[in-house]
Amino acid sequence: MSRISLMLKAAVAAGVLCAAAVPAQAQSSSITSEQAMAALRAVQAYAKNDGSDPSLTVLDRDGNVVLMLKGNGAAPHNIGLSLRKAQTANLFKMKSIDWRDKTMPGKPDADQRNTPNAIPLGGGVPIMVGNEIIGAVGVSGTRGGQEGDTAGAQAGADAAAAMVKRLQASN
Amino acid sequence: MQKLINTLVLGVAGIFVVAAGFALVQQMVKQFTLQSLAANDISVEQAVLVAQGAIDACKKDNSVISVAVVDHDGLVRFMLRGDGASAQDVDDARKKAYTARTFRSPTSVWMEHTAMDAVENGKRVDLYGQRFLENTIAKKGGMPILWHGDAIGGVGVTGSKGGEERDEACAKAGVEAIADQLL
Numbered sequence: 001m002s003r004i005s006l007m008l009k010a011a012v013a014a015g016v017l018c019a020a021a022v023p024a025q026a027q028s029s030s031i032t033s034e035q036a037m038a039a040l041r042a043v044q045a046y047a048k049n050d051g052s053d054p055s056l057t058v059l060d061r062d063g064n065v066v067l068m069l070k071g072n073g074a075a076p077h078n079i080g081l082s083l084r085k086a087q088t089a090n091l092f093k094m095k096s097i098d099w100r101d102k103t104m105p106g107k108p109d110a111d112q113r114n115t116p117n118a119i120p121l122g123g124g125v126p127i128m129v130g131n132e133i134i135g136a137v138g139v140s141g142t143r144g145g146q147e148g149d150t151a152g153a154q155a156g157a158d159a160a161a162a163m164v165k166r167l168q169a170s171n
Numbered sequence: 172m173q174k175l176i177n178t179l180v181l182g183v184a185g186i187f188v189v190a191a192g193f194a195l196v197q198q199m200v201k202q203f204t205l206q207s208l209a210a211n212d213i214s215v216e217q218a219v220l221v222a223q224g225a226i227d228a229c230k231k232d233n234s235v236i237s238v239a240v241v242d243h244d245g246l247v248r249f250m251l252r253g254d255g256a257s258a259q260d261v262d263d264a265r266k267k268a269y270t271a272r273t274f275r276s277p278t279s280v281w282m283e284h285t286a287m288d289a290v291e292n293g294k295r296v297d298l299y300g301q302r303f304l305e306n307t308i309a310k311k312g313g314m315p316i317l318w319h320g321d322a323i324g325g326v327g328v329t330g331s332k333g334g335e336e337r338d339e340a341c342a343k344a345g346v347e348a349i350a351d352q353l354l
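Here's what the structure looks like:
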């Protein structure tokens, strides 16, 4: 009897050791090029309505560029701005226009503005699926300034997220 | 009465002559005074068509490619990273596009031209130094987008299954997608 319990204990210990040796794998989802193209088309549809010609950047969840587009009449700064707005949305998991307001000089979070690559300007929107961020869209060069850029980026982020949700529903 | 009509007709004709002369002088002043330079450039719409053409061509063997299109100035007009590709892959695509644009020839041709042992017209040419230029890359898969003898852009492809040869074929297919607009 004591031998069996000893063996059992040994087996349990071995099992625990094995489980500890193989840690659970981290999983994360990120945006595909097709979903980035869907975001592009939505931003372009917004721009057509708007009569503007914006530049945009789509990032994956790790902050890598998936898609980049420079508008026909873009000023030299537009594409760089779209990248940094998207990076801001991705880094802080919020619209860059909200982050701008949150980090106004004098506010407790003002020092966040020293973060490299972030920029306190509206036009960056995270692509959210539920509570998870899978990427970000940054837009620069619409009519309507930072609010217009935010609306354009939101249209793009919504289109990409809708595509993911459709895929999840069909699976 | 006849005299009055004659005077009227002459008067109207005179006004026309003066107006035409004024317009002509204005046109000539415009012609001969300095104006800002105009350059033709690849548009967003064309860039997306080129990229889509390259992607579709590479889909035939289930390749997932990254593609970049640069404009007349060699700056990114459109860039799309293939699923699973690294950030390096897409930057290489951009460099291929840039190299093709700036040297107005396919990167494969530029590579022959700038090889260590390149020979042209029976003479050795040493252009290897061009390979040290920033943003150039000695890899096949970049094609210029030519319009009336000038490069209005370039396209670069990386990540096809057939290697650099297929990259180049896909880039070429991309340019051919807007061939009717480049006449």
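As they're listed, the protein sequences go chains A and B. Every letter in the first sequence is one number past the one before it in the numbering used here, and letter 71, counting from 1, is 71. Position in the second sequence (first residue = 1) + 171 = the numbering used here. Every residue, glycine too, gets a C-beta built ideally from N, C-alpha and C.
Alpha-carbon spacing of residue i relative to residue j, whole angstroms
i	j	result
Asp254/B	Pro315/B	25 Å
Asp149/A	Glu347/B	34 Å
Asp50/A	Ala239/B	27 Å
Gly185/B	Gln352/B	46 Å
Tyr299/B	Val221/B	30 Å
Ala157/A	Gly63/A	15 Å
Val65/A	Pro108/A	31 Å
Val328/B	Asn292/B	31 Å
Leu392/B	Leu181/B	Nothing in the structure corresponds to residue 392/B, since chain B is present only between 172 and 354.
Ile79/A	Asp262/B	16 Å
Ile323/B	Asp212/B	5 Å
Val219/B	Glu34/A	13 Å
Lys95/A	Gly123/A	8 Å
Ala271/B	Glu283/B	13 Å
Thr278/B	Lys294/B	22 Å
Ala74/A	Val241/B	14 Å
Lys310/B	Arg302/B	11 Å
Val189/B	Gln198/B	14 Å
Met287/B	Asn306/B	19 Å
Ala268/B	Asp227/B	18 Å
Val275/B	Leu317/B	The residue you asked about is not Val; residue 275/B is Arg in the sequence shown. Their backbone Cα atoms lie some 8 Å apart in a straight line.
Pro76/A	Ala151/A	22 Å
Ala39/A	Ala160/A	5 Å
Ala225/B	Lys343/B	7 Å
Min CB distance residue i to chain A below 9 Å
i	result
Ala190/B	no
Ala258/B	yes
Ser387/B	The structure shown does not extend to residue 387/B, since chain B is modelled only from 172 to 354, so the question has no answer here.
Asp263/B	no
Val328/B	no
Ala218/B	yes
Asp321/B	no
Asp232/B	no
Asp338/B	no
Asp242/B	yes
Chain B within 9 Å of residue i, Cβ atoms only
i	result
Asn64/A	yes
Met37/A	yes
Ile134/A	no
Leu172/A	The structure shown does not extend to residue 172/A, since chain A is modelled only from 1 through 171, so no value can be given for it.
Leu40/A	yes
Thr150/A	no
Asp158/A	no
Thr32/A	yes
Asn68/A	Here the sequence assigns Met to residue 68/A, which means Asn is not the residue at that position. Yes, its Cβ sits closer than 9 Å to a Cβ of chain B.
Asn72/A	yes
Asp53/A	yes
Where the alpha helix (DSSP H) through residue i begins and ends
i	result
Asp262/B	Ala258 to Phe274
Thr278/B	Thr278 to His284
Thr150/A	Gly145 to Ser170
Ala423/B	Lying before the first or after the last residue shown, residue 423/B is absent from chain B, which here runs from 172 to 354.
Val296/B	Neither: Val296/B is in no alpha helix (DSSP H) and is coded neither H nor E.
Met172/B	That residue, Met172/B, is in no alpha helix (DSSP H); it is neither H nor E in DSSP.
Arg50/A	Note that residue 50/A is Asp in the sequence shown here, rather than Arg. Per DSSP, Asp50/A belongs to the alpha helix (DSSP H) from Ser33 to Asp50.
Residue i, enclosing beta strand (DSSP E) - first and last residue
i	result
Met68/A	Val65 to Leu69
Val221/B	Per DSSP, Val221/B belongs to no beta strand (DSSP E); it is in the alpha helix (DSSP H), Val215 to Lys230.
Met250/B	Val247 to Leu251
Gln56/A	For clarity, residue 56/A is Leu in the given sequence; the question names Gln instead. Ser55 to Asp60 is the extent of the beta strand (DSSP E) around Leu56/A.
Check: residue i C-beta below 8 Å from any heavy atom of the ligand SAM
i	result
Lys230/B	This structure lacks the ligand SAM; in fact it carries no ligand of any kind.
Chain A contacts from the segment 244-257 of chain B (Cβ-Cβ distance under 7 Å): Those would be Leu246, Val247, Arg248, Phe249, Met250, Leu251, Arg252, Gly253 and Asp254, in chain order.
Completely contained beta strand (DSSP E) runs for the segment 301-330 of chain B, where each covers 3 or more residues: 313-318 and 321-329
Those runs of the beta strand (DSSP E) which lie wholly inside the segment 81-140 of chain A and span at least 3 residues: Within the segment 81-140 of chain A, complete beta strand (DSSP E) segments of at least 3 residues are found at 124-129 and 132-140, given in chain order.
Contact set between the segment 77-106 of chain A and chain B, restricted to residues whose Cβ is under 9 Å from the partner: Ile79
Within 9 Å of chain B by C-beta, residues of the segment 108-133 of chain A in sequence order: none
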